[in-house]
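Novice:
Protein chains in written order, with my numbering: chain A, 1 to 264; chain B, 1001 to 1397.
1) From residue 4 of chain A to residue 194 of chain A, what does the alpha carbon distance come to, in whole angstroms?
2) Any beta carbon of chain A sitting closer than 8 Å to that of residue 1060 of chain B?
3) How long is the line joining the alpha carbons of residue 1253 of chain B and residue 1259 of chain B, rounded to whole angstroms?
4) Counting only runs that start and end within the region 166-205 of chain A, where is the alpha helix (DSSP H) found for 4 or more residues in a row?
5) In the DSSP assignment, find the unbroken alpha helix (DSSP H) run with residue 1234 of chain B in it and report its ends.
6) On the premise that residue 206 of chain A lies in contact with residue 234 of chain A, defined as a C-beta separation below 8 Å, what is that separation, rounded to the nearest angstrom?
7) Mind listing which residues of the region 1278-1293 of chain B have their C-beta closer than 7 Å to chain A's C-betas, in chain order?
8) Would residue 1050 of chain B and residue 1010 of chain B be called neighbours here (beta carbons separated by less than 8 Å)?
9) So, for residue 107 of chain A: in the same chain, excluding its five sequence neighbours on each side, which residues have a beta-carbon less than 8 Å away from its beta-carbon?
10) Can you look up residue 220 of chain A in the DSSP assignment and give me helix, strand or coil?
11) Could you confirm whether any beta carbon from chain A is found closer than 8 Å to the beta carbon of residue 1085 of chain B?
12) Does the Cβ of residue 1037 of chain B have 16 or more other Cβ atoms within 10 Å, making it buried, or fewer, making it exposed?
13) How should residue 1317 of chain B be labelled, buried or exposed, when 16 other C-beta atoms within 10 angstroms of its C-beta is the threshold for buried?
14) Just list the residues that DSSP pairs residue 1056 of chain B with in beta bridges.
15) What do you reckon, are the CB atoms on residue 1271 of chain B and residue 1015 of chain B nearer than 8 Å?
16) From residue 191 of chain A to residue 1309 of chain B, what does the alpha carbon distance come to, in whole angstroms?
17) Three Cβ pairs or more, each shorter than 8 Å: is that satisfied between the region 176-183 of chain A and the region 1278-1297 of chain B?
18) Going along chain A in order, which residues have a C-beta closer than 9 Å to the C-beta of residue 1128 of chain B?
19) Among B:1363, B:1342 and B:1350, which has the Cα closest to the Cα of residue 1381 of chain B?
20) Give the residues of chain B in contact with residue 142 of chain A, contact being defined as C-beta atoms less than 8 Å apart.
21) Does DSSP put residue 163 of chain A in a helix, in a strand, or in coil?
22) Relative to the alpha-carbon of residue 1096 of chain B, which residue among B:1201, B:1125 and B:1084 has its alpha-carbon at the smallest distance?
23) Using a Cβ-Cβ distance under 8 Å, would residue 1384 of chain B count as near chain A?
24) Measuring only between beta-carbons, confirm whether residue 1295 of chain B sits less than 8 Å from chain A.
25) Taking 8 Å as the cut-off, decide whether the C-beta atoms of residue 256 of chain A and residue 236 of chain A are in contact.
26) Comparing alpha-carbon positions, which option in B:1019, B:1006 and B:1134 lies nearest residue 1274 of chain B?
27) Using a Cβ-Cβ cut-off of 6 Å (strictly less than) and excluding sequence neighbours within five positions of residue 158 of chain A, which residues of its own chain qualify?
28) Is the CB-CB distance between residue 1090 of chain B and residue 1058 of chain B below 8 Å?
29) Looking at residue 1329 of chain B: is its Cβ nearer than 8 Å to the Cβ of residue 1248 of chain B?
30) So, do the region 1106-1115 of chain B and the region 1179-1188 of chain B have three or more beta carbon pairs nearer to each other than 8 Å?
31) Rounded to the nearest angstrom, what separates residue 1369 of chain B and residue 1360 of chain B at their Cα positions?
32) Using only CA atoms, which one of B:1315, B:1376, B:1345 and B:1351 lies nearest to residue 1333 of chain B?
33) Are any of the Cβ atoms in chain B nearer than 8 Å to that of residue 177 of chain A?
34) Interface residues of chain B around residue 213 of chain A at Cβ under 7 Å?
35) Look at the Cβ atom of residue 124 of chain A, then the Cβ atom of residue 102 of chain A, and state whether they are nearer than 8 Å.
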């Protein structure tokens, strides 16, 4: 069954999923970060110039209700494997950002049968440091306003007046905040088992990082790439934790180049 | 009416120069263990006095805070179970949603019930929002975990024919068989708190005792929600004993002396703002809808304290007079305090348990002893005789 272009809601294994499909070419599974799905931003269109972008809104980040027991990144990873199978998607390039990168890695350690390449962007999911080290910035130890300042290099993007946003956006922000806690409160934004399983991901991978990321430092990304059997690491200049927002064209160019086999 | 003497066991010496954080981030170098020991011994002495004066006892726990040194209320209850004789021992509350292990809770509370020879009231709460950071329990799904923990504890306390199995999403036990079992049968009374009608209904359906804090003259709608759910389930009126209210209490031989003590007790409320902002609303603790409303209101939660004539009160900054008007504090001479308390009970259709914050903040030992003694001598006997409004109604039916 083909996925409809544009916005739709489909059901996969009993879970309702909001989908966004754009562009033509090889399928690119876009896994959004912890702030939720941004349909209006330039990143998706830039990617859609070179791929068929398939962008689900992760369960609990969207409007459809999700059972309380659906509460791990593993649950999402298996759901997306079901999605690929249900729609017989093959040679899929998976691109995951932040918590979406964690989902991508959890998918790939389970099966790369339907995957071509993987791009992890400022991804969570593993713990590199010792027990005293805080690898991932505690996003709930500051106010949301202060968190914005840490997330972005460009402080104009960071300055957001919630009281002026439309209801739809406020609901999306509130759902994303709760959903990220549902999946990532404890252990905080990582799965202690994942690092020991990364050796299973033998497909070509690119670990792409905002050079100024203060949520997960570039050193974390380098260690991520080192733990993958077939990965390279690159930074995107002039970007904090979200290169797809701060440098969308550069993010899309690097991603598509890697997928097409050109030098990233 | 029963009256429970309550103190949060504060470490008031750290309440000065705290730079806006009395909770979560305040370094414990601000606590002198010797001074803490003196204070804790003093609070136990005052609870012992309350016991001798015919009052009951309430205790609680909080974490990473200079406002409450009881970081595990099980220790408080354990000491009280041994050193007091007659008082009911109410924990309100035991923060279930912060706890990974309800089996441990069932064992602790059963043991305390046995040591106290059946004087325990088990008040369970989810836990305050700011303490999901120190406990690291997930603030999402708190409601479900809370009720499941409570179901588990009741089953553990009421199962007497050997081990049972409990394997759920949240908790995994295969051989549950608690020793000792509780003294009170079938189990110690269950209490909880609420600020919402939804939760009041859930408590009413189960017939548990429900207490509110700082709800002032907005208490009645919560009690009514409870009563409606209780009637639907049990086909009778809930007794006044099923309701509790936490009020600040300051009594003096003269009104001036009562007001002076009132200022000291009010310091408890005045510490409420000093929770650093990031911890007041952990993700998932309140609903998505409620969070959207908060964002629109730029983070200011709605006021929920009101005077009899509907004037909104900010209980963190209000004067003693405001607090009296709002039914948050009962303060003055014994006659005034009696009238205020019974007036409040009338306003909410009957209330059988006054949870009396008779000590807070910088109030010294002498003032605390005087406050307790005068209350016990002049107010308590009359409250014990007090005829609740719905007892009269029930008698007329």
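Backbone N, C-alpha and C fix where the C-beta goes; we use that ideal spot for every residue, glycine too.
Remember, predicted model here, so these are calculated numbers, not experimental data.
Specialist: On the basis of the supplied data:
1) If you take the alpha carbons of residue 4 of chain A and residue 194 of chain A, they lie about 33 Å apart.
2) No, residue 1060 of chain B lies away from the interface with chain A (no Cβ there is under 8 Å from its Cβ).
3) Per the coordinates, the alpha-carbon of residue 1253 of chain B lies some 11 Å from the alpha-carbon of residue 1259 of chain B.
4) Fully enclosed alpha helix (DSSP H) runs of 4 or longer: 167-184.
5) Counting along the chain, the alpha helix (DSSP H) containing residue 1234 of chain B begins and ends at 1219-1234.
6) About 7 Å separates the Cβ atoms of residue 234 of chain A and residue 206 of chain A, confirming a contact at the 8 Å cut-off.
7) Those would be 1278, 1282, 1283, 1284, 1288, 1291 and 1292, in chain order.
8) No; because the gap between Cβ atoms is not below 8 Å, this pair is not in contact.
9) Only 77, 80, 81, 94 and 115 meet the Cβ criterion.
10) The answer is helix: DSSP assigns residue 220 of chain A an H, G or I state.
11) Not one chain A Cβ lies under 8 Å of residue 1085 of chain B.
12) Around the beta carbon of residue 1037 of chain B, a 10 Å sphere encloses fewer than 16 other beta carbons of the protein chains shown; the residue is thus reported as exposed.
13) By the beta-carbon neighbour count (other beta carbons within 10 angstroms, threshold 16), residue 1317 of chain B is exposed.
14) Answer by DSSP bridge pairing, in chain order: B:1004.
15) Note that the C-beta distance between residue 1271 of chain B and residue 1015 of chain B is below 8 Å.
16) Take the alpha-carbon of residue 191 of chain A and the one of residue 1309 of chain B: they are about 55 Å apart.
17) Yes: the two stretches touch, three or more of their Cβ pairs being nearer than 8 Å.
18) Residues of chain A passing the Cβ test: none, with the nearest at roughly 15 Å.
19) Looking at the Cα atoms, B:1342 is the closest of the given residues.
20) Correct list: 1278.
21) Residue state, collapsed to three classes: helix.
22) Residue 1096 of chain B has its Cα closest to that of B:1125, out of B:1201, B:1125 and B:1084.
23) Not an interface residue.
24) Yes, residue 1295 of chain B lies at the interface with chain A (some Cβ there is under 8 Å from its Cβ).
25) Going by C-beta atoms, residue 256 of chain A is not nearer than 8 Å to residue 236 of chain A.
26) The shortest CA-to-CA distance from residue 1274 of chain B to any of B:1019, B:1006 and B:1134 is the one to B:1019.
27) Excluding sequence positions up to five before and after residue 158 of chain A, its CB lies within less than 6 Å of the CB of 148, 149 and 152, all in the same chain and listed in chain order.
28) Their beta carbons are under 8 Å apart, which means residue 1090 of chain B touches residue 1058 of chain B by this criterion.
29) Yes, they are a contact pair.
30) Yes, the region 1106-1115 of chain B is in contact with the region 1179-1188 of chain B.
31) When rounded, the distance between both Cα atoms is 12 Å.
32) Looking at the Cα atoms, B:1376 is the closest of the given residues.
33) So, interface residue.
34) None at all; the shortest Cβ gap to chain B is about 20 Å.
35) At the C-beta level, residue 124 of chain A and residue 102 of chain A come within 8 Å of one another.
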